[in-house]
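Colleague:
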Amino acid sequence: MSTSSGTPESWISSFCSLLGHEYFAEVSEDFIEDDFNLTGLQNQVAMYKEALEMILDVEPEDDEDDEEDEDEDEEDISGDVRDGPRAGERRHHSRVASDLSVIESSAEMLYGLIHQRFICSRAGIQQMSEKYDLGHFGVCPRTNCNQTRTLPVGLSDTPGEDTVKLFCPSCLDVYVPPNSRFQTVDGAFFGRTFGALFLLTFPEYDLTRSVAETASNLVRPADEPAINGVYARNIAPGLGHGKIYEPRIYGFRVSEVARSGPRMQWLRDKPNDLSILDEALHFAGEGHSDDDDDDDQSMAVSNANSASGRSAAAARRHLAAPPHPRLQQRQRHQQNGSPMAVDAANGAESEL
1 MSTSSGTPES WISSFCSLLG HEYFAEVSED FIEDDFNLTG LQNQVAMYKE ALEMILDVEP
61 EDDEDDEEDE DEDEEDISGD VRDGPRAGER RHHSRVASDL SVIESSAEML YGLIHQRFIC
121 SRAGIQQMSE KYDLGHFGVC PRTNCNQTRT LPVGLSDTPG EDTVKLFCPS CLDVYVPPNS
181 RFQTVDGAFF GRTFGALFLL TFPEYDLTRS VAETASNLVR PADEPAINGV YARNIAPGLG
241 HGKIYEPRIY GFRVSEVARS GPRMQWLRDK PNDLSILDEA LHFAGEGHSD DDDDDDQSMA
301 VSNANSASGR SAAAARRHLA APPHPRLQQR QRHQQNGSPM AVDAANGAES EL
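Numbering (the UniProt record's numbering), first residue to last: 1 to 352.
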């Protein structure tokens, strides 16, 4: 395959330009050639070496040797027995074609797994940011999200479990892509990490704007409150009061206990005061101290209290233990000098 300028198109460019592969980013060859980025993929992909050579457009080393062997065989055979080798050649070519189909499918699997790691790198997430700005991933189909742009994600990191889904950062939900051509794309090629990592990497995106408003480059306010490292305007702007559909009949809201009433609306609810979500504010309000000395002092006090408690318990056990028999006999001698004296605590008196 070649471009209009006459230069051959790479396998990566050809793969990303296929119908249904609009979500993919073009992984750089430098990223693929780094063995660290491919750690653990050899056990997941069949014919790993051949698939990697196909992705990098590397010609197999023994192709020329095979062609020379075929030329020598054609010179040695006579015209009478030429029909037999031709049949063998056809079988050979059919085997090669089947191998190429296996290598092609392995190359697609390998590229998808590499793509899952690439879009989480600095260069890859920047490339996906450019596609996000251009709206290549589509918008959320939910009405109250006001056409918020979505991100391609996977529900699993293991290939073959589910297809790619679209994550909406406005309602924090995932949707099936509207076009059926994306139903053949494996969700593991995007993974579960990319969506959340993208929002943390680019917190300046205003999720409250529609696609048209974003294209107009409206000026953002300079000072905006941030909660847990995220701007308050970007915390689920499609949820909360007034952003949840309420079914009504002749103007009356349908009760939740009714047969046709709304269910699980609390899943799309959001507090009116977002400050209650600020974990740092709650931590400071609970009176936690950041000084290590206070922690060490409180630990020393607790250890001293536990040690004193153990010593007091040991003293109580020592006092409660019965005296030794020799000690009892010595006490009796001190009382009246007679070994027949009986302890008054036993309820008896001396008869001598």
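Glycine is no exception: its CB is placed at the ideal position from the N, C-alpha and C atoms. These numbers come from a predicted model, not from an experiment.
Is the beta carbon of P178 closer than 9 Å to that of G138?
Modeller: Yes.
Colleague: G160 to A46, Cα distance in whole Å?
Modeller: Approximately 14 Å, taken between the alpha carbons.
Colleague: DSSP three-state label for D186, please.
Modeller: DSSP places D186 in strand when its eight states are reduced to three.
Colleague: Only counting the same chain, and skipping five residues up and downstream in sequence, which positions put a Cβ closer than 7 Å to that of G20?
Modeller: Same-chain partners within the cutoff: R181, F182, T184 and V185.
Colleague: Any contact of the stretch 33 to 44 with the stretch 183 to 203, i.e. 3+ C-beta pairs under 8 Å?
Modeller: With a cut-off of 8 Å, the stretch 183 to 203 and the stretch 33 to 44 do not count as touching, because too few Cβ pairs lie within range.
Colleague: When burial is assigned at 16 or more other CB atoms within 10 Å of the CB, is K165 buried or exposed?
Modeller: Classification of K165: buried, given that the 10 Å Cβ count is 16 or more.
Colleague: Run through DSSP, which three-state label would L281 get?
Modeller: DSSP places L281 in helix when its eight states are reduced to three.
Colleague: Got a sec? Which residues, its chain only, sit under 7 Å from R86 by beta carbon, not counting five neighbours each side?
Modeller: Any reading at R86 is ruled out, since the residue's pLDDT is 45, under 50, leaving its predicted position unreliable.
Colleague: Below 8 Å on the Cβ atoms is my contact criterion, and I expect R268 with I244 to pass it. Report the Cβ-Cβ distance as a whole number of Å.
Modeller: Between I244 and R268 the Cβ distance is about 5 Å, and since that is below 8 Å, they are a contact.
Colleague: DSSP on A25, reduced to helix/strand/coil?
Modeller: Three-state DSSP puts A25 in coil, outside helix and strand.
Colleague: Suppose you measure from the CA of V257 to the CA of A284; what does that come to, to the nearest Å?
Modeller: Each residue's alpha carbon lies about 41 Å from the other.
Colleague: Among M54, S106 and L151, which has the Cα closest to the Cα of A25?
Modeller: When only C-alpha atoms are compared, the closest one is L151.
Colleague: What's the gap between the Cα of D278 and the Cα of K270?
Modeller: Cα to Cα, D278 sits roughly 14 Å from K270.
Colleague: Roughly how many angstroms separate the alpha carbons of D157 and M128, rounded to a whole number?
Modeller: Computed Cα separation, rounded: 19 Å.
Colleague: Smallest Cα separation from D57: which of L38, N37 and I32?
Modeller: Nearest option by C-alpha distance: I32.
Colleague: Whole angstroms are fine: how far does the CA of V153 sit from the CA of R192?
Modeller: Going from the Cα of R192 to the Cα of V153 covers about 6 Å.
Colleague: Please work out which residues of its chain come closer than 8 Å, Cβ to Cβ, to S105, disregarding the five sequence neighbours upstream and downstream, and give them in chain order.
Modeller: Counting only Cβ-Cβ distances below 8 Å, and skipping sequence neighbours, we find nothing.
Colleague: Which class does S10 belong to by DSSP, given the choice of helix, strand or coil?
Modeller: Correct three-state label for S10: coil.
Colleague: To the nearest angstrom, how far is it from the Cα of Y132 to the Cα of R149?
Modeller: In a straight line, the C-alpha of Y132 is about 7 Å away from that of R149.
Colleague: Leaving out five residues on either side along the sequence, give the residues of the same chain with a beta carbon under 7 Å from the beta carbon of S260.
Modeller: Around S260: V254.
Colleague: In the structure shown, what three-state DSSP assignment does T163 receive?
Modeller: T163: strand per DSSP, three-state reduction.
Colleague: At a Cβ threshold of 9 Å, is A232 touching chain D?
Modeller: Chain labels in this structure do not include chain D; a single protein chain is all it has.
Colleague: Going by CA-CA distance only, name the one from I55, N272 and L110 that's closest to R233.
Modeller: The candidate whose alpha carbon is nearest that of R233 is N272.
Colleague: Is it buried or exposed for D30, if we count other Cβ within 10 angstroms and need 16 for buried?
Modeller: Per the 10 Å Cβ criterion, exposed.
Colleague: Name the residue from F190, A226, P247 and I125 whose alpha carbon lies nearest to the alpha carbon of L281.
Modeller: Nearest option by C-alpha distance: A226.
Colleague: Given a cut-off of 9 Å, decide if L207 and I125 are closer than it, judged by their beta-carbon atoms.
Modeller: Contact: no.
Colleague: Between the alpha carbons of E130 and F118, how many angstroms are there, rounded?
Modeller: Each residue's alpha carbon lies about 15 Å from the other.
Colleague: Can you look up T158 in the DSSP assignment and give me helix, strand or coil?
Modeller: If DSSP states are grouped into helix, strand and coil, T158 belongs with coil.
Colleague: Could you pull out every residue in the same chain whose Cβ sits closer than 8 Å to the Cβ of V102, ignoring the five residues on either side in sequence?
Modeller: If we look at V102 and ignore the five residues flanking it on each side, its Cβ neighbours are A46 and M47.
Colleague: When you compare only the Cα positions, how much space is there between A107 and F167?
Modeller: C-alpha separation (whole angstroms): 27 Å.
Colleague: Under the rule that 16 or more other beta-carbon atoms within 10 Å means buried, what is E9, buried or exposed?
Modeller: Classification for E9: exposed.
Colleague: Identify, in the order they occur along the chain, each residue of the same chain with its Cβ nearer than 8 Å to the Cβ of L155, setting aside the five sequence neighbours on each side.
Modeller: Around L155: E161, D162, K165, V174, G187 and R192.
Colleague: Give the range of the beta strand (DSSP E) segment to which D173 is assigned.
Modeller: Where D173 is concerned, the enclosing beta strand (DSSP E) stretches over D173 to Y175.
Colleague: Hey, would you say C171 sits closer than 9 Å to L239, going by beta carbons?
Modeller: Yes, the Cβ-Cβ distance between C171 and L239 is below 9 Å.
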